[in-house]
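Chains as they are written, first to last, in our numbering: chain C, 610 to 1099; chain F, 610 to 1099.
Structure first, commentary second.
There are 2 protein chains.
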Amino acid sequence: MELKTKKINLSTGGPLVAVINEKDAKDLGLHPMDRVKLTKIKSKKEIVAVVDISNKGIDKGYVGLFNELFKELNVEEGNNIEVSYAPQPESVKYIRNKLNGIKLSEKEIYEIVMDIVSNKLSEVELTYFVAAVYKVGFDLKESASLTKAIVDSGTKLKFNSNIVFDKHCAGGVPNNRTTMIVVPIIAALGYIMPKTSSRAITSPAGTADTMEVVAPVALNENKIVEIVKSTNACMAWGGAVNLAAADDKMIKVRHPLSLDPEGMLLASILAKKKAVGATHVLIDLPYGTGAKFATKSIAKKLGKKFMALGKLLDMKLKVVYTNGSQPIGNGIGPSLEVEDVLSVLKGDGPNDLRNKAIYLATEMLKMINIKNAKQKVIEVLDSGKAYKKFQEIVVAQGGNKNIKVGKAKYSFEVKSASNGKISRIHNKPIAKLARLCGAPNDKLAGLYLRVKVGDHITKGDILFTLYAESSSKLNYAVNMLKKLKVIDVN
Amino acid sequence: MELKTKKINLSTGGPLVAVINEKDAKDLGLHPMDRVKLTKIKSKKEIVAVVDISNKGIDKGYVGLFNELFKELNVEEGNNIEVSYAPQPESVKYIRNKLNGIKLSEKEIYEIVMDIVSNKLSEVELTYFVAAVYKVGFDLKESASLTKAIVDSGTKLKFNSNIVFDKHCAGGVPNNRTTMIVVPIIAALGYIMPKTSSRAITSPAGTADTMEVVAPVALNENKIVEIVKSTNACMAWGGAVNLAAADDKMIKVRHPLSLDPEGMLLASILAKKKAVGATHVLIDLPYGTGAKFATKSIAKKLGKKFMALGKLLDMKLKVVYTNGSQPIGNGIGPSLEVEDVLSVLKGDGPNDLRNKAIYLATEMLKMINIKNAKQKVIEVLDSGKAYKKFQEIVVAQGGNKNIKVGKAKYSFEVKSASNGKISRIHNKPIAKLARLCGAPNDKLAGLYLRVKVGDHITKGDILFTLYAESSSKLNYAVNMLKKLKVIDVN
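Structural data, given as structure tokens:
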């Protein structure tokens, strides 16, 4: 059937969708979510799209094309195109197979991922894929196939070195901003570490949000390669780079139910490392009450899978298990975390953040058999070489050499109501308060801790300070204090 | 944040979706598939919608409203509305619970279904619900809750009678158009049978497609009640009536993977019976090679669940298991099936269709303890009373009393290449050929069988005739003959 194109000036966010009037749909024998083949009359160019049937907005005789499809088909408004029924891509069959408990081959997973990245699967089909991996699971071989396919779905970086470092932390612990210390240490020691990080989704700050306080982080592939060539490292926002393109689309449909299908999670993490050419990857899995993993043995189960998958992917991995039962560092929120990072890079505290960064950097050096690794790390930190390297990276990314962090306009001090010893600092309420204050969007907002577990305090001592850029946000956070158990004093 | 409304003249097909520019989304801390609360400045009317983030089509400062949302919010283009973050509905949590293997309460299922029907769930969330029921399953109690909730989600019909008949056939067998014979028999005997049927999705004809050859079937609730009051029965298309509104939305997302989660399938079928007020329901489960159930024992497993669910729903059910290994009747395709139906109603053959219709009608009468049931059924059929009733219903629905069926312009006879006995007629290739000829959209298209299993034939005898309304469709079907195993002669 020949239909006239009509541009729909909207994105679907991925899938190629064509909208057809319900009368035309009936004539073509189409049902919602079926597929159509669109053929340009002159050039014979063909594109298959998912069909959306509407009784409004698209008149009989027209086919509405969402942005992605309009662009892909490369037509003008009002062109005649031939529209006919098209079968589903084979990958939908593989998704159904997975949902039915059947193992997928490397080729099948590759096809699914390529169809995801080229927008051939509808959101509903993609959701079934996530649900299938969540309920049925992926074995290690399937996870390795998924990782490789995700890597192939995007851009790959290549550096002229046998050792390219990367690190990953499972998250859930406020501040814990070790990346911004470890990267300049490793780079100052002469090794390559092209780090990409995420922004916060539910936390008060991601590494990308924090780094953005001092320098632009939305760097493209060419820029990353250039910066790494000149400084050995970078600290970029992963979302601005087309690494692991298919992964972002899967994460989108995982979001509504906050699903972390293990086989997908492992692939997602390692694909991003593999895509930047990483050969040596340190995985930090914090455990403890309030951390992502309640106990060390739970963390170890995942750690073993990481190791096994790393082997299949020909990457050298090391997993460390760290105590994540209280925040690491004092500041929570982008600028407040930068303050801690700068302080450590200048050879000062907070001690827990300094010690953890030293530990992680040391473990990384040990992966390549460097002797006196810890000593070398401390030397590069205390000599100011790491700080100088940090400045270099900041400047290379387009930031200012004279790194300055402002202070929020509004603040509120929370004091202890009794004498005693700090027995616990609750991660989740801390994160929540910092978000209520405006972090991560308000860069100066957040919370600054004055105590750590084990500290002895006197009634009236400041436990923490809330910072906000607007009085209403500060008030809202202050009001929430009554409802939250933030710090236990015994 | 205050944004100006912009009408998007397109339907989502259900979910309430608001489109926001990515800059505004960042300021609001929104991620794709999050929700926003939209508040009209003056009236304070609030609606929660799923957010779609776009960098095209919607400028900063605007919020795009798809048809459903625009209508629900009852605004004009360019109105100012307050837009803020909103949490997910509770029902999303229940869906996640189900996916994690947790049983759902009646109240929770009710809430999910009501959120589906009022378009509060996104397609992705709805897909997770289907996937969860598919993988985790529903127990009978959950299926009963789902059935009741689906019934409550739509319009309910009520007839002033203690006995309201209905029937259901699991499908998969070509022709098998017993409904159009059973309904007039039961109605002629003085019982109420307000039948709604579906159109074909993958078969060459549904009862609604077939009935449509002789009368309109897109009847609304009032019309159905009126027709049943005057004639005791109707044969309407279920899709035109707002019975089981939530079910249609679930079926839409089940379609891409052709998923039939059992707990959902049972609820879907019985909800439509309950919604028309049915008290006595006959379920026909055809079994055999090429039928929906390969063996009788597989069919019986489902039959038992139907019976148990019927009990929980306070409906009287009877399940019959019939041989479905070859087509019932001769014509396949809407008009060709009508020919068979009319022939039987006039006291003639095809014998298999006549006998099955008599059997089903008899079994229904036995459910209410009618004596000499079979004799009564045959009498009403052979006396022409059933045909007269059929005419009455056709006229009441808006059809012509003088029922006439045309013949397709193009035909092709398929002859036997050898002498022998018909050992098998393959259901699926038969259905495929009829669809290739144009059924169900081309009403006159399809296939007419001249033989049945067990018949002795001579080389050159006609096995079946293909009918089409266009020569190209006929040629396409004829070409496919070589590739298909349609009838086995031994």
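Even glycine gets a Cβ: it sits at the ideal position worked out from N, Cα and C.
- Counting every other CB atom within 10 Å of its CB across the protein chains shown gives F:T1067 a total below 16, marking it as exposed.
- As the crow flies, the alpha-carbon of F:N706 is around 11 Å from that of F:E699.
- In the displayed model, F:N683 falls within coil according to three-state DSSP, outside both helix and strand.
- Within the stretch 743 to 791 of chain F, complete alpha helix (DSSP H) segments of at least 4 residues are found at 749 to 761, given in chain order.
- Rounded to whole angstroms, the Cβ separation of C:A814 and C:A1048 is 6 Å, and the two are in contact under 8 Å.
- Not flagged as an interface residue toward chain F: C:Y1085, since no C-beta distance is shorter than 9 Å.
- In this structure, C:T736 keeps its C-beta atom at 9 Å or more from the C-beta atom of F:T621.
- Around F:S770, the same chain offers I801 as residues with beta carbons nearer than 7 Å, after the five sequence neighbours per side are excluded.
- Here DSSP, grouped into helix, strand and coil, assigns F:R1033 to strand.
- The C-beta distance from F:I718 to F:S762 rounds to 11 Å, too long to fall under 8 Å, and the pair is not in contact.
- Sequence-distant partners of F:A855 (beyond 5 residues in either direction) whose C-beta falls short of 6 Å from its own C-beta, in its chain, are V722, I725, V726, I759, S762.
- The C-beta distance from F:S877 to F:G847 rounds to 11 Å, too long to fall under 8 Å, and the pair is not in contact.
- Against chain C, the CB of F:K1041 has no partner CB under 9 Å away; the residue lies outside that interface.
- Note on geometry: alpha-carbon atoms of F:K615 and F:V645 lie some 16 Å from one another.
- When Cβ-Cβ separations below 9 Å define contact, C:G666 makes contact with chain F.
- Scanning C:T787, C:E715, C:N618 for the CA closest to the CA of C:N964 turns up C:T787.
- In the structure shown, F:V1087 falls within a helical segment according to DSSP collapsed to helix, strand and coil.
- Within the model, the alpha-carbon separation for C:C778 versus C:T1074 is close to 27 Å.
- Put simply, the CB of F:D748 is far from chain C, with every gap to its CB atoms at 9 Å or more.
- Separation of the CB atoms of F:A824 and F:Q984 is rounded to 30 Å, and the pair is thereby denied contact status at 8 Å.
- If you check the CB distance, F:T756 and F:L918 come in under 9 Å.
- Partner residues in a beta bridge of F:E717, as assigned by DSSP, do not exist.
- Short of 6 Å from the beta carbon of F:S752, and not among the five residues preceding or following it, lie these beta carbons of its own chain, in chain order: G872, L875, A876, L918.
- Within chain C, not a single residue places a beta-carbon under 7 Å from that of F:K965; the smallest gap is close to 28 Å.
- Contact between F:K1024 and F:G1069 holds, with the beta-carbon distance rounding to 5 Å and staying under 8 Å.
- Taking the beta carbon of F:M642 as reference, the chain C residues within 7 Å of it are K861, H864, P865, listed in sequence order.
- By the rule that beta-carbons nearer than 9 Å mark a contact, F:V733 touches chain C.
- Every unbroken stretch of the alpha helix (DSSP H) spanning 4 or more residues and falling wholly within the stretch 906 to 988 of chain F is given here in chain order: 943 to 954, 960 to 976.
- Residue burial annotation: F:Y996 is buried, with at least 16 other C-beta atoms found within 10 angstroms of its C-beta.
- With fewer than 16 other beta carbons inside 10 angstroms of its own, F:A903 counts as exposed.
- Straight-line measurement puts the Cα of C:R863 at about 28 Å from the Cα of C:M789.
- In this model, F:P624 and F:I860 are separated by some 15 Å (Cα to Cα).
- Burial is judged here by how many other beta carbons sit within 10 angstroms of a residue's own beta carbon; F:K632 has fewer than 16 and is exposed.
- The stretch 1085 to 1099 of chain C makes contact with the stretch 1026 to 1045 of chain C: 3 or more CB pairs, one atom from each, lie closer than 8 Å.
- Remark: C-beta atoms of C:N688 and C:K613 approach each other more closely than 9 Å.
- Not one beta carbon of chain C lies nearer than 9 Å to the beta carbon of F:Q1006.
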